[in-house]
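Using the working numbering, you'd call the opening residue of the sequence shown number 188 and step up by one each time. Cβ atoms here follow ideal geometry from the backbone N, Cα and C, with glycine treated the same way. Right, one structure below, let's go through it.
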Amino acid sequence: MKIQTCPNCGSNRYIKSGVVNNRQRYRCKSCDYYFSVNKIGKKIDDYYVNKALQLYLEGLTYREIERILGVSHVSIMNWVKKYNIKRPYNYDYHPTYKILNGSELSKYFQDLDNLSGAGFVVTELGDKFMLIKWERFRK
Ligand SMILES: [Zn+2]
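Below, the structure written as structure tokens:
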């Protein structure tokens, strides 16, 4: 999975703008920021570290996070270790998740049946959104 967005504003509207030190340079059409390919790579790494740890804290397993982000579970385990992330274990419930685009997300929230008895965390994931749903109180 590859996410190509401006490191400054997150827009995916950018154009090629010359080559500097053998690296393709781009200019963001939204904010006029110049960036190179290497810089994008670094930003993607940080992005995945953040998202992976976020999901880990939400109670997802390494394998689930691997499936969602396309990052190896070994990397995720290393990040958890590196940043010393600990989560309290709770075996009573487990969140479910969906990957939706903007309009699917707004449709989802318009249906009251989806909302009752549940809590949500919505987080950006590339050009889509991830919705983590907690149904702890639904019996
Ligand atoms: Zn930008």
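**OP:** Give every residue of the same chain whose Cβ lies closer than 8 Å to the Cβ of LYS216, excluding the five residues on either side of it in the sequence, and list them in chain order.
**Re:** SER198, ARG200, TYR201, ILE202
Original post:
In terms of DSSP beta bridges, what is GLY306 paired with?
Top reply: TRP321
**OP:** Work out the CA separation of GLY246 and ARG274 for me, nearest whole Å.
**Re:** 8 Å
Original post:
For LYS320 versus PHE307, is the C-beta spacing smaller than 7 Å?
Top reply: yes
Original post:
What residue does the alpha helix (DSSP H) around LYS294 start on, and which one ends it?
Top reply: 289 to 297
Original post:
With 16 other CB atoms within 10 Å as the buried threshold, where does ILE286 fall?
Top reply: exposed
Subject >> Spatially closest choice to ASP232 from LEU292, SER259, ASN271, SER204, by CA coordinates >> reply: SER259
Original post:
With burial defined as no fewer than 16 other Cβ atoms inside 10 Å of the residue's Cβ, what is the status of GLU311: buried or exposed?
Top reply: exposed
Subject >> Start-to-end residues for the beta strand (DSSP E) that takes in SER204 >> reply: 201 to 207
Original post:
Taking any heavy atom of ligand 1 as the mark, which residues have a C-beta closer than 6 Å to it, listed down the chain?
Top reply: CYS193, ASN195, CYS196, SER198, CYS215, SER217, CYS218, TYR220
Original post:
Going by the CB atoms, is the gap between VAL267 and TYR234 shorter than 7 Å?
Top reply: no
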